[in-house]
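> Mind looking over this structure? Questions follow.
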Amino acid sequence: APRLLEFKNFYTQPINSRFVLTCNKLDGVAPLKFLWTKNGQSISQTPDSRIKIDVYDDFSMFMIKNIQIVDAGNYSCIVQNPYGIDSQWSMLQIKGRFMHCCIEVNFCCQCFDFGNVDNVSNICFVKFFHLCCTCSRST
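Quick note on full-length UniProt numbering: the sequence shown kicks off at 1 and runs consecutively.
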């Protein structure tokens, strides 16, 4: 199975800067297929070239030019070959002019134990809690 060099897991970048991740193969044989995701969703290059992805034989580069608040999130590189798969992730936070806000949320969670089919627990609970977020202030 392929293996990737570890990513730095957290980045904080200022608005309008450039964010670059390089996904390097540590081990594994060709052919390698690279995929980039943001928050679990596949990413592709944008027509305006603000997001650029380059793929080579044994590494891939991901770049966002002129980063904005909407670019914050969890970015992953996934590599796959006929023998297996590996992935690495980094969380991008954006520095800028922000205000702090909290909202109260109704939360429901379902838990399943897939390890033992005879022992499946199905628990749902509702709980009020505060979700705090960072919101952008228009400039």
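A virtual CB, placed ideally from N, CA and C, is assigned to each residue, including glycine.
For the 8 Å Cβ check, are there 3 or more pairs between the stretch 46-53 and the stretch 76-92?
No contact exists between the stretch 46-53 and the stretch 76-92.
> Residues in its own chain within less than 6 Å of N16 by CB, not counting five upstream and five downstream?
Only N66 meet the Cβ criterion.
> In or out: D86 buried (at least 16 other Cβ within 10 Å) or exposed?
The residue is buried, with at least 16 neighbouring Cβ atoms inside 10 Å.
> Assign P31 to buried or exposed, taking buried as 16 or more other Cβ atoms, counted over all protein chains shown, within 10 Å of its Cβ.
The residue in question, P31, is exposed, as its Cβ has fewer than 16 Cβ neighbours within 10 Å.
> Would you call the CB atoms of W36 and F59 closer than 8 Å?
Result no, Cβ atoms of W36 and F59 do not sit closer than 8 Å.
> Cα separation between P14 and I64?
Between P14 and I64, the C-alpha separation is close to 12 Å.
> Rounded to whole angstroms, what is the Cα-Cα separation between A1 and N9?
Rounded to the nearest angstrom, the two C-alpha atoms are 22 Å apart.
> My understanding is that K33 touches Q80, with C-beta atoms under 8 Å, so please give their C-beta distance in whole angstroms.
The pair is a contact, with the Cβ atoms about 5 Å apart (cut-off 8 Å).
> Does I69 come out as helix, strand or coil in the three-state DSSP assignment?
Three-state result, I69: helix.
> Which value, in whole angstroms, describes the spacing of the CA atoms of K25 and L5?
K25 and L5: Cα-Cα distance of roughly 6 Å.
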